[in-house]
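Start counting the sequence shown at -7; every next residue gets the next number (our numbering).
Encoded as structure tokens, the structure appears first; notes follow it.
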Amino acid sequence: MRKFIFVFLLISFSSFSQSENQKIIEGVVYNDNSYSIEGIHVLNITSDDATITDSEGNFKILVDINDELIFSGIQFKRKKIIVDQDIFDSVSLTIYLEEFVNELDEVILNSSGLSGNLLNDLQNSGVIKNLNFDDLGIPGFTGIRQEDIPSNSQLVKEVLLAPLVGGLDIERMYNWISGYYKQKRKEIEFKNDFNIIDQIIKFYGLRFFIDEFKLEEIAVHDFVTSTYQNFPIEEEFKMGNYTIVIEYFKKNFKRLNL
């Protein structure tokens, strides 16, 4: 009887609450040589759900018809798909990403033309005409966290205290053992990184990257992501050291064109 109850709880937990028009779609991401790719970011920008491919390139993500999915990773061009009826009804989705290696145009770097005075530079850029001080802030997360993701130490403590509190929370233990909590932590970290990268691009403007580094618009996000992962631009950006961030952009550009 106890075994039956345990199995029932596991099956109930594995069936995440979804609307009638949503489903979890599975898939694999490959490169041009048909090798699966680990660590590719998969983002549903319609629902703001996100995940990362595992060591075999596999992913699972909740979708609805007409949702927009973005596949992104370092050295790969971003790919966008719209979930149509065929994709929604498919058993498994196969995604191929085109490699993006040293495809930036070789140019001579000139001065950025920035004075170092943020207020004047933004007003003279032509990008922002009516400047509000709120435009210089970095918005934080204001929503309500939907799920408690406990730390490993917290879970160990629950196991040790189980005899004193009347037993274990089976659902939480299953999440821990199955690696669910570990995956969710990675997804939260990815979403935070994705948000700050988008804030940086929005702050400087696409035109800055296109004019300064001769980038195609589609390559801007990958270029900023590469800089984010190789230089401490997040810390400098949050501290308002915007000219230092630009210097890191230049260093990353030179690194990619060696």
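All C-beta atoms in this analysis are idealised placements derived from N, C-alpha and C, irrespective of residue type, glycine included.
Looking from the CA of Glu227, the closest CA among Asp203, Asp185, Arg70 and Gly197 belongs to Asp185. By the Cβ-count criterion, Leu61 is buried, with 16 or more other Cβ atoms from all chains shown falling within 10 Å of its own Cβ. The C-alpha of Lys52 is placed about 20 Å away from the C-alpha of Arg164.
In terms of CA proximity to Gly171, Leu147 leads the group Leu147, Ile192, Gly158 and Ile79.
Inclusion of Tyr240 and Phe223 in the CB contact set at 9 Å is warranted, their separation being smaller than that value. Closest by C-alpha distance to Ser28, out of Gln67, Lys243, Lys178 and Ser47, is Ser47. Residues of the same chain with a CB within less than 7 Å of the CB of Lys178, apart from the 5 flanking positions on each side, are Ile44 in chain order. Taken through DSSP and simplified to helix, strand or coil, Lys69 comes out as strand. For the set Lys149, Ile66 and Tyr196, the Cα lying nearest the Cα of Ala211 is the one of Ile66.
Distance check between Phe229 and each of Ile193, Leu248 and Leu198 places Ile193 closest, using alpha-carbon atoms only. Between Asp40 and Asp81, the alpha-carbon positions lie close to 21 Å from each other.
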